[in-house]
Amino acid sequence: MVVKKVVKKGSKDLYIKEIYYFLKMVSFKELVERIKDYYRFSKQEVSGLVVAIIVTGFLFSFRDWGVEEFNLIFGLKNFLLAIIVAAISFWFKISCQKVYGLGEGQDAEFKTWWVGIVVMLVLGFITSGWVPLILAGGVVSSFMVRQRLGEFRYGFSTWTMAITAMWAILGNLILAIIFSIGLHFFPQSYFLDVGMKMNLMMAFCSWLPFPQQDGLALFFGSRGLFFLGIGATLLAAVLLLTKTTIGLIVAIVIGTLISIGYMMVGSEK
Amino acid sequence: MIFDKIKWDEQWAETFAVFFTAVGFVIALLLRSALFTYLSVIVAGALAGRLFYARRFAQPIFPFVMMIVGFLVGYLLGSFWASRFWVLTFFALSFGTSYYLHLKEFLVIFKKELFLK
Chain A
-9 MVVKKVVKKG
1 SKDLYIKEIY
11 YFLKMVSFKE
21 LVERIKDYYR
31 FSKQEVSGLV
41 VAIIVTGFLF
51 SFRDWGVEEF
61 NLIFGLKNFL
71 LAIIVAAISF
81 WFKISCQKVY
91 GLGEGQDAEF
101 KTWWVGIVVM
111 LVLGFITSGW
121 VPLILAGGVV
131 SSFMVRQRLG
141 EFRYGFSTWT
151 MAITAMWAIL
161 GNLILAIIFS
171 IGLHFFPQSY
181 FLDVGMKMNL
191 MMAFCSWLPF
201 PQQDGLALFF
211 GSRGLFFLGI
221 GATLLAAVLL
231 LTKTTIGLIV
241 AIVIGTLISI
251 GYMMVGSEK
Chain W
13 MIFDKIKWDE
23 QWAETFAVFF
33 TAVGFVIALL
43 LRSALFTYLS
53 VIVAGALAGR
63 LFYARRFAQP
73 IFPFVMMIVG
83 FLVGYLLGSF
93 WASRFWVLTF
103 FALSFGTSYY
113 LHLKEFLVIF
123 KKELFLK
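This is the structure:
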C-alpha cells in the first residue's frame, strides 16, 4: 500500500502517514527468512537469562515452601514449576521483541541488569517474598544495515525502540491472559496461578522507566505509549486478578480487538 | 533543606557514600534472618567486585571505593542478627571471587558488536 496523498510537513496527515510506516510489516516470507537467519539467543543472553529465570522462580515460590511448616519436597516442586513458568515467560516476551525488531530491520538482544537482579533478590528477602519485583533487564536494539536498505527514514528510530519495548508488556499480557484462561478451567493449578501473577508483575516491571529496563525506551520513545502501557497493565491486572468469568471475557475481547486493529493498520507492504 | 546546602559538584562522592551507608544499614536491619543476611552480603560483594572491575582503570575511582566501603560499613552496623565477622568474610570472599572471574573473563560486561545508541 502506498500513501499517494501529498502532505505538508507537521500536518496531521503526515503524522498518520508516519504511524502507518512504523506499524507496517515486512512480507511474511521475508519475516520468516529473517527469523531463520537472525533469530537466536547469544551466549551472554543465555547466561544472563538462566540467572534471571532462577532468581525469578525462587522469588515467586518464596512463600510456597510448606503450608504451616517448612517442607523441602513441596518447596522444590513449587520452585521447579515457578522456574518453568519464568522460562516460558522470558522466552515468549523476548521472542516477541526479537521478531518485531527483525521485522523492522533491528537486531534486538536481551541485556541482563545484574544490579536489578541483586535489588530484586534483596527486596524479596526483606519482604519475605511479598514483593517479587522482576528487574532482570531489557532489550537493546541495533541497526541491521542490509535489512533497512530502501526503507522510509533509513536511520535508527526511537519510535521503533519504543514499540519493541512495548512488545515486552504486550507479550507478558498475552501470556497472562493465556494462563488466566487455563486457570479458569483448572482453578487449583499452582502452575497457572503463578504464571498469571508472574506475567502481570513482569509486564508492570517492564514498564518501569529504569535504566536497563524496557520502560526507559518506552518513556523516551513515546510518552503516549508509555501511559498506554501502564493503563493496559493495570486494566489487565484488574480484569484477571478478580478471577471472574466476565473479567476474563472482557480481557480477551479487548486483546482480540487490539490485535485485529494492529493487523489491519500494519498490513504487509 | 539539607539538599540545598550540598555542593553536588564537589561533594557528590561523600553524599552518595553516606547514602549507601544508610542503605546498607537499613537493608541489614530489615533482614531479620542470618541466612538471608549472608546471602545478601554475598550478592552485594559480587556486585561490588563487578563495579570495581568496570571502573578499575577509570578515574575517579576513589568515590566508588568510598561508596562500596560505605555500604559495607552500614551493612556491618545493621547486622544485629548475624555475625559481623562472617558478614565481612563473605563480602571479602565474594568481592575477590567476582573480581577474579571478571578478570579471567568468565563473567563479562555486556557488549554488542552492532550496538548503536
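Those protein sequences? They're chains A and W, same order as listed. Just so we're aligned, residue -9 is where the first sequence starts under the working numbering, counting upward by one. Just so we're aligned, residue 13 is where the second sequence starts under the working numbering, counting upward by one. Idealized CB from N, CA, C, for every residue including glycine.
task: Grab me the residues of A/Q137's own chain with a C-beta within less than 6 Å of its C-beta, minus the 5 sequence neighbours each way, in chain order.
output: G95
message: Am I right that A/I159 and A/T223 are in contact with their C-beta atoms under 8 Å? What's the rounded C-beta distance?
response: 6 Å
field: Whole-angstrom distance between A/K33 and W/E117, CA atom to CA atom
entry: 13 Å
message: If I measure Cβ to Cβ from A/A76 and keep anything under 6 Å in the same chain, skipping five residues before and after, which residues do I get?
response: I43, T46, G47
task: Compare the Cα-Cα distances from W/A94 to each of W/A29, W/F15, W/Y112, W/L43 and report the closest residue.
output: W/L43
Where W/F107 meets chain A, residues with beta-carbon distance less than 9 Å: Per Cβ cutoff of 9 Å: no residues; W/F107 is ~13 Å from chain A at best.
Nonlocal neighbours in the same chain, by C-beta distance under 7 Å from A/V184, ignoring five residues either side: Contacts found: F50, L71, A72, V75.
query: Closer than 8 Å, Cβ to any Cβ of chain W: which residues of the segment 90 to 106 of chain A, in chain order?
result: D97, E99, K101, T102, W104, V105
field: alpha helix (DSSP H) runs contained entirely in the segment 141 to 181 of chain A, provided each spans 4 or more residues
entry: 148 to 175
message: With a threshold of 7 Å on Cβ separation, who are the neighbours of A/A98 within its own chain once the five nearest residues in sequence on each side are excluded?
response: Q87, K88, G91, V129, S131, T154
task: Compare the C-alpha of W/A25 against each of W/L59, W/Q71, W/F37 and name the closest.
output: W/Q71
message: For W/F32 and W/M79, which I take to be in contact (beta-carbon distance under 8 Å), what is that distance rounded to the nearest angstrom?
response: 5 Å
task: Could I get the ranges of all uninterrupted alpha helix (DSSP H) runs contained in the segment 23 to 81 of chain W, with 4 residues as the minimum, in chain order?
output: Whole alpha helix (DSSP H) segments, 4+ residues: 46 to 67.
message: What does the alpha-carbon distance come out to for the pair A/M254 and A/L247?
response: 11 Å
query: For the alpha helix (DSSP H) that contains A/F60, what are its first and last residues?
result: Boundaries for A/F60: no alpha helix (DSSP H) harbours it, and the DSSP string shows neither H nor E there.
- prompt: What does a CB cutoff of less than 6 Å around A/F82 pick up in its chain, not counting 5 residues either side in sequence?
  reply: G161, L165
task: Output, in sequence order along the chain, the residues in the segment 111 to 125 of chain A whose CB is closer than 7 Å to any CB in chain W.
output: L111, V112, F115, I116
- request: Would you kindly report the start and end of the unbroken alpha helix (DSSP H) that includes A/T223?
  value: 213 to 231
Whether A/F208 touches A/F216 by CB criterion (8 Å): Note on identity: in this sequence residue 208 of chain A is Leu, with Phe being the wrong assignment. Yes, Cβ-Cβ distance for A/L208 and A/F216 is below 8 Å.
Top-ranked residue by Cα proximity to W/A60, from W/A46, W/F103, W/W98: W/F103
- prompt: Got a sec: is the Cβ-Cβ distance from A/Q34 to anything in chain W below 8 Å?
  reply: yes
- request: Can you check DSSP and say which residues form a bridge with A/V129?
  value: A/F100
task: Would you mind working out which of A/L225, A/R213, A/V228, A/Q202 sits nearest A/G106, comparing C-alpha positions?
output: For A/G106, the nearest C-alpha among the options comes from A/Q202.
query: Is the Cβ of W/S94 closer than 8 Å to any Cβ of chain A?
result: With the sequence shown as reference, residue 94 of chain W is identified as Ala, and Ser is not the correct amino acid for it. Not closer than 8 Å to any Cβ of chain A, the Cβ of W/A94 fails to qualify, so no.
field: Exposed unless 16 or more other CB atoms sit within 10 angstroms - verdict on A/T232
entry: exposed
Proximity winner among A/R24, A/G172, A/L66, relative to A/T234 (alpha-carbon distances): A/G172
task: With 9 Å as the C-beta to C-beta threshold (strictly closer), list the residues of the segment 157 to 189 of chain A near chain W in chain order.
output: So the list is empty, because no residue satisfies the distance condition.
- request: Go ahead and pull the three-state DSSP assignment for A/G95.
  value: coil
task: Go ahead and pull the three-state DSSP assignment for A/E35.
output: For A/E35, the secondary structure class from DSSP, reduced to helix, strand or coil, is helix.
- prompt: Listing by chain order, which chain W residues have their CB less than 9 Å from the CB of A/V108?
  reply: Correct list: S52, V55, A56, A58, L59.
A/E59 classed as buried or exposed, judged by whether at least 16 other C-beta atoms fall within 10 angstroms: exposed
message: 8 Å is my cut-off, CB to CB: does W/R62 come that close to chain A?
response: Answer yes: the Cβ-Cβ gap between W/R62 and chain A drops below 8 Å somewhere.
- prompt: Using the rule of at least 16 other Cβ atoms within 10 Å of the residue's Cβ for burial, across every protein chain shown, is W/A66 buried or exposed?
  reply: exposed
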